[in-house]
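S.K.: Sending over a structure as C-alpha cells; questions will come in a sec.
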Amino acid sequence: MIKLENIERRYISDEVETTALVGVNLDVAEGEFLAIMGPSGCGKSTLLNTLGTIDRPTSGHYWFADTDLAAMAEKDLARFRAARLGFVFQSFNLIDELTIEENIALGLAYRKDVSGNKADRVAAAMDTVGIAHRARHFPHQLSGGQQQRAAIARAIVGDPKLILADEPTGNLDTANGEQVMDILSALNASGATIVMVTHSPSHADMAKRRIDMLDGRIVASAMRAI
Ligand SMILES: Nc1ncnc2c1ncn2[C@@H]1O[C@H](COP(=O)(O)OP(=O)(O)OP(=O)(O)O)[C@@H](O)[C@H]1O
Ligand SMILES: [Mg+2]
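Take 133 as the starting number for the sequence shown in our numbering and just add one per residue.
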C-alpha cells in the first residue's frame, strides 16, 4: 500500500542544518500494524509526519498506491489526508470548546464523499471506543484515557485507509495505556492499517512488526515472534 523510497528530510535554520531522516526505505502493506521505536530525536515523529503528509521530504518518493505524494500539491494533499488518513497524537489534540461528539464529527468535516448518515457514523465510532456516555461532555471533563479514546474515534470516524499514532499512550497511565492499545489492536484485527510511534517495548510488542530508528535511519526491522 505504501512505499517510501530513499526519503531524506533536512531542516535548515539560521545556518544550522539538522538531518532528521536519511535514506529511509519502508514498505507498509495493507493490514499491517507497525511500531516505530528509537531514542528521542532519532526521527520517529518526522517519519510519521512524512507518512501523514504533514511533513514533506527534502528528497525521495512516497508512493501511496500508485501516486507519488512527495510530488503532490498541498491542496490535493489536504484532500488526500481528509479522505485516507486518521491521526492520533500523544496530547489528544481535542478542541476544548467543542463537545466530544462535535470533536469526533470533525473527522468527517472535510469529507464530502462519506456514505450514510454522519450522526450515525459518529455514534458508531463512539461505541467502538466506549465513549458514547460522554458524548455531550467537553474534553476537560474527561480523563486522559477517555480523551484519547475520543481522539481515536475522531481518527476512525471517516474509515481511513491508514491510522497514524504518535506515542498514543505517552501521556496515559498503565491501565489507560493498555485500553488504548487494546482498541488499536482490535481496529487492526478488523482490517485497519496502523503505524504507531512508541517508547514502550510492551506496546511495540502488540504490533505485528517493529522497526528501530537511530540518527534518522531505520536500523532494524523485525516481525513479532508468535
Ligand atoms: N521543525 C524543526 N526544525 C528543525 N529541526 C527539527 C524540527 N523538527 C524536528 N527537528 C529535528 O529533527 C530530529 C528528529 O526529530 P523528531 O521529532 O522526528 O524526533 P523523535 O524521534 O520523534 O523524538 P521524540 O522521541 O523526542 O519525540 C531532531 O534532531 C529534531 O531536533
Ligand atoms: Mg516524537
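Here a beta-carbon is modelled for each residue, glycine too, at the ideal position from N, C-alpha and C.
Quick one, which of Gln273, Phe224 and Gly218 has its alpha-carbon nearest Asp291's?
M.R.: Answer by Cα proximity: Gly218.
S.K.: Would you check if there are 3 or more beta carbon pairs closer than 8 Å linking the region 307-322 to the region 133-150?
M.R.: Result no; under three Cβ-Cβ pairs closer than 8 Å.
S.K.: With a cut-off of 7 Å, give the chain-ordered residues whose Cβ is closer than this to any heavy atom of ligand 2.
M.R.: Going along the chain, the residues that qualify are Lys176, Ser177, Asp298, Glu299 and Val329.
S.K.: Quick check: Ile139 and Gly184, are their CB atoms within less than 7 Å of each other?
M.R.: No.
S.K.: Tell me the residue span of the alpha helix (DSSP H) that contains Ile315.
M.R.: Unbroken alpha helix (DSSP H) run through Ile315: Thr306 to Ala321.
S.K.: Do you know whose CA, among Gly170, Arg286, Leu296 and Gln280, lies nearest Asp305's CA?
M.R.: Answer by Cα proximity: Gln280.
S.K.: Thinking just about the alpha-carbon of each residue, which of Thr301, Arg356, Ile343 and Lys293 is nearest to the one in Thr325?
M.R.: Comparing Cα positions, the closest option is Lys293.
S.K.: Tell me whether Met258 is buried or exposed, calling it buried when 16 or more other Cβ atoms sit within 10 Å of its Cβ.
M.R.: Buried.
S.K.: If you measure between the beta carbons of Ala237 and Val254, is that distance less than 7 Å?
M.R.: Result yes, Cβ atoms of Ala237 and Val254 sit closer than 7 Å.
S.K.: Alpha carbon to alpha carbon, how far is Gly276 from Pro333?
M.R.: Distance between the alpha carbons of Gly276 and Pro333: 21 Å.
S.K.: Are the beta-carbon atoms of Arg268 and Asn235 separated by less than 7 Å?
M.R.: No, they are not a contact pair.
S.K.: Identify whether Gly155 lies in helix, strand or coil by the three-state DSSP scheme.
M.R.: Correct three-state label for Gly155: strand.
S.K.: Which stretch, first to last residue, makes up the beta strand (DSSP E) that contains Phe212?
M.R.: Unbroken run through Phe212 is the alpha helix (DSSP H), Glu206 to Arg216; no beta strand (DSSP E).
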